[in-house]
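Asks:
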Ligand SMILES: [Fe+2]
C-alpha cells in the first residue's frame, strides 16, 4: 500500500515537510516497481535516488541540530543511522535480486518514516522555531 501524506505529519517547517513528502513519494515509487515486478534499470535508479535524497534530508536536519545545539541530537542521529543501515540493506537485497526481502525492508522503511516524523522529528520543532526556522 502506498503511503499517503497527511497534514498531521507536518512539522510546521515547510522545507522539511517538502523533503518528507519527497521521501514518501520515492518510497511509493519503489513499492510500485516492486509490485509490478518490473525489475530493470528504473529500480536501480530509484533506489539510488532514495538513498541519496534520504542522506541529503538527514544531513539537512543534522546540520541544524549542530547549529542550534539541539539537546536530543545524539539520539536523533542514532535513529537516522538505523534508517541509513536499512537503506544499505535494501540496495544489497536488490543487487542479489531478493525481491521478497527487499519488499519487507521497504515496508519497514515506510512505517519507520512516519513513526520517525511523528515521534522523533516533532521533538525538534520547538528548538528549530525558537532559532528562527
Ligand atoms: Fe529526523
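In the numbering used here, the protein residues as written are 487 to 619. Yeah, the Cβ is synthetic: ideal placement off N, Cα and C, and Gly gets one too.
In angstroms with no decimal places, state the Cα-to-Cα distance between residue 604 and residue 556.
Replies: Taking the first residue of the chain shown as 1, we reach residue 604 at position 118. Taking the first residue of the chain shown as 1, we reach residue 556 at position 70. Going from the Cα of residue 604 to the Cα of residue 556 covers about 18 Å.
Asks: Nearer than 7 Å: is that true of the beta carbon of residue 601 relative to any heavy atom of ligand 1?
Replies: Position 115 of the chain shown, counted from the first residue, corresponds to residue 601. No, the Cβ of residue 601 stays beyond 7 Å of every heavy atom of ligand 1.
Asks: Since residue 512 contacts residue 536 with CB under 8 Å, what's their CB separation in whole angstroms?
Replies: Your numbering for residue 512 matches position 26 in the chain shown. Your numbering for residue 536 matches position 50 in the chain shown. Indeed, because the Cβ distance is near 5 Å, the residues count as touching under 8 Å.
Asks: Helix, strand or coil, according to DSSP, for residue 496 in the structure here?
Replies: Working through the chain shown from its first residue, we reach residue 496 at position 10. Residue 496: coil per DSSP, three-state reduction.
Asks: Which value, in whole angstroms, describes the spacing of the CA atoms of residue 613 and residue 601?
Replies: Position 127 of the chain shown, counting from 1, holds the residue named residue 613. Position 115 of the chain shown, counting from 1, holds the residue named residue 601. Rounded to the nearest angstrom, the two C-alpha atoms are 20 Å apart.
Asks: Between residue 625 and ligand 1, is there a pair consisting of the residue's CB and a ligand heavy atom that are separated by less than 7 Å?
Replies: Not covered by the structure: residue 625. The range shown for the chain is 487 to 619.
Asks: Note down the Cα distance separating residue 523 from residue 490, rounded to an integer number of angstroms.
Replies: Residue 523 sits at position 37 when you count from the first residue of the chain shown. Residue 490 sits at position 4 when you count from the first residue of the chain shown. Cα-Cα distance, rounded: 22 Å.
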